[in-house]
């Protein structure tokens, strides 16, 4: 009788571990974003704004590398007390492609069009990304 009481927890433990052994855990393919070079702010109208019918108050030019194989969303940009939501940011890749509010995989020259907000040049801005990463933008 004692063997049965000892065997029951072992059987339950094995039955509980079988699903864990069968399940395959896939690592996230979203990579890490690296800022390459200097970050610049511009205030004039650029041709892509007119083509996409976007009225941006300013734009940020930067070169980034996304080491993953998926686009990573820009959640918001925070600078001091100002928070710019992701839906007020449009990412233009290599000067021609509207990529929404996301950073595509690979190395890209990005122009982030900012609608309705101003960014100060002498204060560091932080970009919060969908993969949990925080990018620090120092303007030069």
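In the numbering used here, the protein residues as written are 702 to 841.
All C-beta atoms, glycine included, are put in the ideal place defined by N, C-alpha and C.
Cα separation between residue 714 and residue 705?
Here residue 714 is taken as the residue at index 13 of the chain shown, counted from 1. Here residue 705 is taken as the residue at index 4 of the chain shown, counted from 1. Using only the alpha carbons, I get a separation of about 14 Å.
Can you check which of these residues, 823, 810 and 802, is closest to residue 829 by C-alpha distance?
The count along the chain shown starts at 1 and reaches residue 829 at position 128. When only C-alpha atoms are compared, the closest one is 802.
Three or more beta-carbon pairs under 8 Å between the segment 732 to 742 and the segment 778 to 791, yes or no?
no
Taking Cβ to Cβ, would you say residue 769 is nearer than 8 Å to residue 805?
Locating residue 769 in the chain shown gives position 68, where the first residue counts as 1. Locating residue 805 in the chain shown gives position 104, where the first residue counts as 1. Not in contact: residue 769 and residue 805 (Cβ atoms no closer than 8 Å).
7 Å CB neighbourhood of residue 776 in its chain, flanking five on each side removed:
Mapped onto the chain shown, residue 776 falls at position 75. Excluding sequence neighbours, residue 776 sits near 787, 829, 830 and 831.
Go through its chain and collect everything with a Cβ distance to residue 817's Cβ below 7 Å, but skip five positions before and after it.
For the purposes of this step, residue 817 is taken as the residue at position 116 of the chain shown. Correct list, in chain order: 758 and 789.
Complete beta strand (DSSP E) runs within the segment 718 to 774 (minimum length 3 residues, chain order)
734 to 743 and 759 to 767
Straight-line CA distance for residue 717 to residue 707?
Translated into the one-based positions of the chain shown, residue 717 becomes position 16. Translated into the one-based positions of the chain shown, residue 707 becomes position 6. Distance between the alpha carbons of residue 717 and residue 707: 16 Å.
Using the beta-carbon count (16 or more within 10 Å), is residue 753 buried or exposed?
Against the chain shown, residue 753 aligns to sequence position 52. By the 10 Å Cβ count, residue 753 comes out exposed.
Exposed or buried, which one is residue 809 when buried takes at least 16 other CB atoms within 10 Å?
Within the chain shown, numbered from 1, the residue matching residue 809 stands at position 108. By the neighbour-count rule (16 or more Cβ atoms within 10 Å), residue 809 is buried.
Residues in its own chain within less than 6 Å of residue 750 by CB, not counting five upstream and five downstream?
Indexing the chain shown from 1 puts residue 750 at position 49. If we look at residue 750 and ignore the five residues flanking it on each side, its Cβ neighbours are 757.
Where residue 807 falls: helix, strand or coil (DSSP):
If you number the chain shown from 1, residue 807 lands on position 106. Three-state DSSP puts residue 807 in a strand.
To the nearest angstrom, how far is the alpha carbon of residue 797 from that of residue 781?
For this step, residue 797 is matched to residue 96 along the chain shown. For this step, residue 781 is matched to residue 80 along the chain shown. Cα to Cα, residue 797 sits roughly 31 Å from residue 781.
From the DSSP output, in three-state form, read off residue 706 for me.
For the purposes of this step, residue 706 is identified with residue 5 of the chain shown, where counting begins at 1. If DSSP states are grouped into helix, strand and coil, residue 706 belongs with the helices.
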